[in-house]
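Trainee: One structure, as structure tokens, below. Some questions next.
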Amino acid sequence: MSEALAVAVSAVVGIVVAVASVWYVNSAYGTSFENLYRVNPTVEGGGVGADYVAGNTDPLLDALIVVIHAVDVLMGVFILALVFVHWGAFRRLGARMRDHDEPAEVATDGGRDADNGGESA
Amino acid sequence: MDHGKFTRVTTYFHSLLALDVFLLFFTGYSVMFNDELWWMVEFMGGNAGVLALHRIAGFALIVLTVFWVTLMLVGPGRRKNFKAVLPTPTDAKAFIQDVQFVLGRADERHPNARQFAGYSSDEVPLLSYVGKGVVWIFTVELVLLMISGLLIWSKTGAAQLFQTKAAATAFVTFHGLLGVVMVMGIMFHIFEHGFHPAFYPVEMKAFVPKSVMPHEEHDDHEGTGIELLSLRPTWKWAVNLAGAAVVIGIVSVLVGSIFDSGYPIPAGLTPGGGPTSVLLTIGINIGMFVLLLGVVLSTYGNVLRARYEQQVAGEQDSEPETAADGGQPRDDD
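Sequences listed follow chains A and B, in order.
Per the numbering used here, the first sequence starts with residue 1270, numbered consecutively.
Per the numbering used here, the second sequence starts with residue 3, numbered consecutively.
See below:
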């Protein structure tokens, strides 16, 4: 398959999947709020708003929140370590480079150093 | 400019994904950290405006991600990329050597860590160990974020499915907390690719396709040749300022996600999302500033790319005039 055709096919697949998934969650799966909480099954006796008294009654969801908090903290510490390692590495690499006022043979953008040419006085 | 890594499609995809993800961050976290980022919500059209923008950007994210996965599967020569992304023991070595390099116990960064390859581009793999990590974190995070995002797209649907409003809120919280890893990772990503001394202020590999990167023949040279490059005078303070802002941003978002997680229900009723403080407000706002810097650098990278391509096109236009027959082209009289 050619590059252009692959890009076109992928774009169509992307749009179709996105439209279908949003359509699904809004039609097959959506519901009118009028139909919710008339009778609430989470607290004995039930009633409107009773679920807020009981809190989240699904231990699996509570566990999920705890796990994701832990993942955030672990990844946060690791990412901070990466920041410090790169910060240190950049400073060391920077120290190896020429200062700007020294004439450079090559510039980062692949061009010539503007100060290093031109007419002599 | 260094060796090229991205194809043309990848450069466009990367820029579009970046803009979309930044919009998702700005809209999503101004809601989650509403105590600290209330001004952002006002700026983006209030609660309804922000959530509408978030949904539009979420839709675009699904389009972009599915597009990318499909392209990786059907695009010519792309399947070998799946192998290039697998972590190897060498990547662990590269991380350890990076730590040693900072401590002065190694003279060079490992090829699997090297961002600036210079004369050593033959040794450098397609993805550094950080690059592989970024791909993996993005893959896992985006899949979970899209699934949980779709699940809470219709709040009434989620509430009906799980029977309580609290359960629906739990999924909203899960969705927000999940993105925290990504928002921290992106702050690091901005620092990593914006403040490398050889590339500062932006690493052009993500913007200029490898097909138009200049290929210069070079003689055998020890090392990368970074010592031949001149450092921009602003880099010395810019790297420290950006480094500090990134650290403050990451720490604040992390602390904020623990204390201000927007899940007040099970631990007791604390409407408003929990404690906040001036320091946290400043810190989280600095984090958002880092993200804004990412938008600016991404845009700047594209401006530079356009300028470079214009320059290359100009050179190509003028070359044949002298190269073809040595004379100037002219209209036949």
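Don't be surprised by glycine CBs; every beta carbon is placed ideally from N, CA and C.
Keep in mind that this is a model prediction, so the values were computed, not measured.
1. Please list, in chain order, the chain A residues whose beta carbon lies closer than 7 Å to that of residue 198/B.
2. Going by DSSP, which residues form a beta bridge with residue 232/B?
3. Quick check on DSSP: helix, strand or coil for residue 184/B?
4. What did DSSP end up calling residue 1273/A once you bin it into helix, strand or coil?
5. Using the beta-carbon of each residue, which ones in chain A are nearer than 8 Å to residue 229/B?
6. Mind pulling the chain B residues with CB within less than 9 Å of residue 1277/A?
7. Under three-state DSSP, which class holds residue 88/B?
8. Please report the Cβ distance between residue 29/B and residue 212/B, rounded to the nearest whole angstrom; I am assuming they are in contact, meaning their Cβ atoms lie under 8 Å.
9. Assuming residue 201/B contacts residue 118/B under a Cβ cut-off of 8 Å, what Cβ separation, rounded to an integer in Å, is found between them?
10. Any idea what DSSP makes of residue 109/B, helix, strand or coil?
11. When you compare only the Cα positions, how much space is there between residue 92/B and residue 203/B?
12. Using 8 Å as the threshold, is the segment 179-191 of chain B in touch with the segment 131-141 of chain B, meaning 3 or more CB pairs across them?
13. Measuring alpha carbon to alpha carbon, tell me which residue in 179/B, 169/B, 127/B is nearest residue 31/B.
14. Under the assumption that residue 1247/A contacts residue 199/B (Cβ atoms under 8 Å), give the Cβ distance between them as a whole number of angstroms.
15. Whose C-beta lies closer than 8 Å to the C-beta of residue 46/B among residues of the same chain, with five residues either side of it excluded?
16. Mark residue 1295/A as exposed unless 16 or more other C-beta atoms lie within 10 angstroms of its C-beta, in which case mark it buried.
17. Could you name the residues of the same chain whose beta carbon sits closer than 6 Å to that of residue 162/B, not counting the 5 residues immediately before and after it, in chain order?
18. Quick one: grab the DSSP three-state call for residue 271/B.
19. According to DSSP, is residue 124/B helix, strand or coil?
20. What are the uninterrupted segments assigned as beta strand (DSSP E) that are 3 or more residues long and contained completely in the segment 16-67 of chain B, given in chain order?
21. According to DSSP, simplified to helix, strand and coil, what is residue 311/B?
22. Let's test the definition: count the other Cβ atoms within 10 Å of the Cβ of residue 1406/A and tell me whether it reaches 16, buried, or not, exposed.
23. Listing by chain order, which chain B residues have their CB less than 7 Å from the CB of residue 1280/A?
24. Shorter than 7 Å from the beta carbon of residue 209/B to some beta carbon of chain A?
25. Beta-carbon within less than 8 Å of residue 128/B's beta-carbon, same chain only, minus the 5 sequence neighbours each way: which residues are those?
26. Residues in the segment 71-97 of chain B with C-beta within 7 Å of chain A's C-beta atoms, listed in sequence order?
27. Taking 7 Å as the threshold (beta carbon to beta carbon), is residue 1287/A in contact with chain C?
28. What residues in its chain sit with their C-beta under 6 Å from that of residue 237/B, if we drop five residues either side in the sequence?
29. Kindly list the residues whose CB is nearer than 8 Å to the CB of residue 154/B, restricted to its own chain and excluding five residues on each side of it in sequence; keep chain order.
30. Output yes if chain A places a C-beta closer than 7 Å to the C-beta of residue 65/B; else output no.
31. Would you mind working out which of 114/B, 205/B, 57/B sits nearest residue 157/B, comparing C-alpha positions?
32. Whose C-beta lies closer than 6 Å to the C-beta of residue 139/B among residues of the same chain, with five residues either side of it excluded?
33. Could you work out which residues of chain A lie near residue 293/B, taking near to mean beta carbons separated by less than 7 Å?
34. Between which two residues does the alpha helix (DSSP H) carrying residue 238/B extend?
35. Shorter than 7 Å from the beta carbon of residue 1296/A to some beta carbon of chain B?
36. Less than 7 Å separating the beta-carbons of residue 1341/A and residue 182/B?
Mentor: With the given structure in hand:
1. 1359
2. 1367/A
3. helix
4. helix
5. 1365, 1366, 1367
6. In chain order: nothing, as chain B lies at least about 10 Å away.
7. coil
8. The pair is not a contact, with the Cβ atoms about 33 Å apart (cut-off 8 Å).
9. 7 Å
10. coil
11. 29 Å
12. yes
13. 179/B
14. Residue 1247/A is absent from the model: chain A starts at 1270 and stops at 1390.
15. 28, 29, 32, 52, 55
16. exposed
17. none
18. Any reading at residue 271/B must be qualified, since the residue scores a pLDDT of 38, below 50, and its modelled position is unreliable; the value itself is stated next. Residue 271/B falls in the coil class under three-state DSSP.
19. coil
20. none
21. helix
22. Within the shown structure, residues of chain A are numbered from 1270 to 1390, placing residue 1406/A beyond reach of any answer.
23. 69
24. no
25. 7, 83, 86
26. 72, 73, 76, 77, 78
27. Here chain C cannot be found, since the structure's protein chains are A and B.
28. 199, 202
29. 160, 170, 173, 174, 177
30. yes
31. 57/B
32. 187
33. The premise fails here: residue 293/B is roughly 14 Å from chain A at the closest Cβ pair, so nothing lies under 7 Å.
34. 237-261
35. no
36. yes
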